[in-house]
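Number of protein chains: 2
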Amino acid sequence: MIRVFIVDDHPVVIEGIHSLLQNEKDIEWAGHAMNASSCFGYFVNNTADVLLMDISMPGMDGVELCKIMNEKYPGIFILGLSTFNQGLYIKKMMENGASGYILKNSSKEELLKAIHTVNNGGIFFSGEAGEALKEYQKSSTQLPELSPREKEILALIAEGFTNPQIAEKIFLSPFTVDSHRKNLLAKLNVKNTASLIRLAVEKKLI
Amino acid sequence: MIRVFIVDDHPVVIEGIHSLLQNEKDIEWAGHAMNASSCFGYFVNNTADVLLMDISMPGMDGVELCKIMNEKYPGIFILGLSTFNQGLYIKKMMENGASGYILKNSSKEELLKAIHTVNNGGIFFSGEAGEALKEYQKSSTQLPELSPREKEILALIAEGFTNPQIAEKIFLSPFTVDSHRKNLLAKLNVKNTASLIRLAVEKKLI
DNA sequence: GAGAGAATCACCCGAAAGGGGGATTTTAAT
DNA sequence: ATTAAAATCCCCCTTTCGGGTGATTCTCTC
């Protein structure tokens with residue numbers, strides 16, 4: 023008997039998953055919470071085997087909640103839930119101890135398979151989510167790390183400030199700002215401001 | 023008795039809304055479809071009062087489906103369904119005859135209110151969705167129209183080409199390219215290339 | 001056929017960006 | 001203590017950008 027608990031702020035999703043699971047013989051509906059604190063409240067006196075968790079919730083982030091739950095109750099398998107393929111979040115969830123990730127538009131069969139897989143200690147990915155994760159890693163790991171200063175200056179360039187203006191704003195020499203700017207161009211391998219800003223916006227660097 | 027039909031490709035959402043509505047005395051569950059064609063199939067021999075419709079579906083777009091349903095069966099009130107506040111889609115749905123828009127993370131009360139409102143010929147918006155629509159209109163309708171040439175040159179600037187390079191590429195005088203570039207800055211009310219490209223990418227002008 | 005935009009081309013000029021070349025200091029990690 | 005990386009600063013030079021101010025041609029609309 024697998025006890026399943028769900029944390030999601032969407033009543034529709036809770037009801038939907040409840041409905042999909044209610045006739046399953048080997049699954050027991052442990053309950054639900056609509057935010058992080060009521061989730062904590064439940065686990066003080068109760069437990070569950072698999073925890074379905076929305077990644078985007080008001081108040082505490084699903085990623086953060088995932089981390090805490092995993093530290094407090096390492097025996098619980100966490101399955102991330104989301105509507106869209108968000109590679110970035112998938113990666114963060116996995117880094118914070120999730121055992122898998124499933125899209126809310128999955129079929130009943132996929133949902134059951136996911137629950138069984140993670141309950142046995144396995145890792146499960148919705149086909150599409152797996153693709154998203156791969157794409158994310160491909161597109162982002164090969165992106166060089168920017169230093170905090172570089173990110174700061176990149177943001178100011180994107181705001182439309184010139185080197186002298188940025189220098190005045192953050193109390194630096196215009197020469198320094200120019201150096202950082204040139205480093206940005208070199209690191210990100212772009213020719214000029216136009217392609218720099220385009221890359222920055224598209225890769226959500228700012 | 024309000025007959026409610028739902029078109030959505032997410033089983034979870036269908037189940038969830040069904041579950042939320044099943045004990046309502048004045049609401050009758052007409053059925054559901056998971057794509058546009060099975061929706062058409064249903065309405066050949068049946069009808070409904072309120073049609074809940076996801077905006078993003080595989081195959082035919084919700085916006086497109088909304089338009090067709092509204093033309094074929096003008097007596098049916100359509101209520102758009104989406105997970106996120108997508109001002110652009112909200113606007114398109116309304117232009118295509120929807121009577122309102124509700125977020126999937128709405129409460130049961132809000133959902134019922136929405137159904138009743140549109141069934142009486144009214145217009146309903148989730149509080150957040152209304153905000154999103156306003157924001158969208160504010161941010162997008164005041165965006166000046168760009169001529170085809172300007173769009174072309176904007177795209178090339180975003181690719182990282184300089185005026186002389188663009189001139190050579192599309193067989194124009196560098197002066198002309200420069201004129202277009204200056205017009206872009208003026209029309210979009212930005213100071214320099216950095217803010218131009220940022221705006222262009224964020225507003226999906228390229 | 002008058003007028004409005006779009007598209008084209010032209011010049012002046014100062015400011016900013018970008019390609020080099022250096023340098024020192026601070027900070028973090030080993 | 002050593003090393004690496006980040007952060008700071010400086011100057012050379014050429015190209016590009018951006019502001020201002022013009023112009024002509026074409027096309028479409030009213």
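Heads up: the protein sequence lines correspond to chains G and R, in order.
Note that the first sequence covers residues 23 to 228 in the numbering used here.
Note that the second sequence covers residues 23 to 228 in the numbering used here.
Just so you know, even glycine gets a beta-carbon here, dropped at the ideal spot from N, CA and C.
Residues of the segment 27-43 of chain R whose Cβ lies closer than 8 Å to any Cβ of chain G, in chain order: ASP31, HIS32, PRO33, VAL34, VAL35, ILE36, GLU37, GLY38, ILE39, HIS40, SER41, LEU42. Within chain G, the C-beta atoms nearer than 9 Å to that of GLU181 of chain R come from ALA216, SER217, ARG220, in chain order. Within chain G, GLY182 have C-beta atoms less than 7 Å from the C-beta of LYS213 of chain R, given in sequence order.
Contact annotation for ASN127 of chain R against chain G: ASP30, ASP31, HIS32, PRO33, VAL34, VAL35 [CB-CB distance below 9 Å, chain order]. Under the Cβ distance rule, GLU224 of chain R counts among the residues neighbouring chain G, one pair being separated by less than 8 Å. For THR198 of chain R, the nearest beta carbon of chain G is not closer than 8 Å to its own beta carbon. Within the segment 80-100 of chain G, no residue has a Cβ lying closer than 7 Å to any Cβ of chain R. Within 10 angstroms of the beta-carbon of VAL66 of chain G lie fewer than 16 other beta-carbons, which makes it exposed. Within the same chain, ILE24, ASP71, VAL72, PHE99 come within 7 Å of ASN141 of chain R by CB-CB distance, once the 5 residues on both sides are set aside. Per the DSSP secondary-structure output, GLU174 of chain R pairs with nothing in a beta bridge.
A straight line joining the alpha-carbon of LYS191 of chain G with that of LEU176 of chain G spans about 13 Å.
Contacts between LYS130 of chain G and chain R, judged by CB atoms closer than 7 Å, involve PRO33 in chain order. By the Cβ-count criterion, LYS126 of chain R is buried, with 16 or more other Cβ atoms from all chains shown falling within 10 Å of its own Cβ. CA-to-CA, the gap between ASP31 of chain G and SER59 of chain G works out to about 12 Å.
Nearest neighbour of THR184 of chain G by Cα position, chosen from G:ARG203, G:ARG171, G:LYS173, turns out to be G:ARG203. In the displayed model, GLU131 of chain R falls within a helix according to three-state DSSP. Setting aside the 5 residues that flank it on each side, LEU221 of chain R is surrounded in the same chain by LEU210, VAL212, LEU227, each with a C-beta closer than 8 Å to its C-beta; the list follows chain order. Of all alpha-carbon atoms in R:GLY182, R:PHE193, R:PRO196, R:LEU168, the one lying nearest the alpha-carbon of LEU206 of chain R is that of R:LEU168. Distances from the alpha-carbon of GLU37 of chain R to those of G:LYS114, G:LEU103, G:ALA216, G:LYS130 put G:LYS130 closest. Any Cβ of chain G closer than 8 Å to the Cβ of THR139 of chain R would place that residue at the interface, and such an atom is absent. In terms of CA proximity to GLU132 of chain R, G:VAL34 leads the group G:VAL199, G:VAL34, G:VAL29. Distance from the Cα of ALA180 of chain R is smallest, within the candidate group G:ASP200, G:GLU181, G:VAL223, for G:VAL223.
The C-alpha of ASN92 of chain G is placed about 31 Å away from the C-alpha of ILE39 of chain R.
For SER104 of chain G, the uninterrupted beta strand (DSSP E) segment begins and ends at 99-104.
For the segment 51-69 of chain G, no residue has a beta-carbon sitting nearer than 9 Å to a beta-carbon of chain R. ILE124 of chain R carries a strand assignment under DSSP once its states are collapsed to helix, strand and coil. For ASP76 of chain G, the enclosing beta strand (DSSP E) covers residues 72-76.
Excluding five sequence positions before and after LEU165 of chain G, the CB atoms of its chain that fall closer than 7 Å to its own CB belong to LYS225, given in chain order. When only Cα atoms are considered, VAL199 of chain R and PRO170 of chain R end up about 13 Å apart. When secondary structure is reduced to three states using DSSP, GLU181 of chain R falls in the coil class, being assigned neither helix nor strand.
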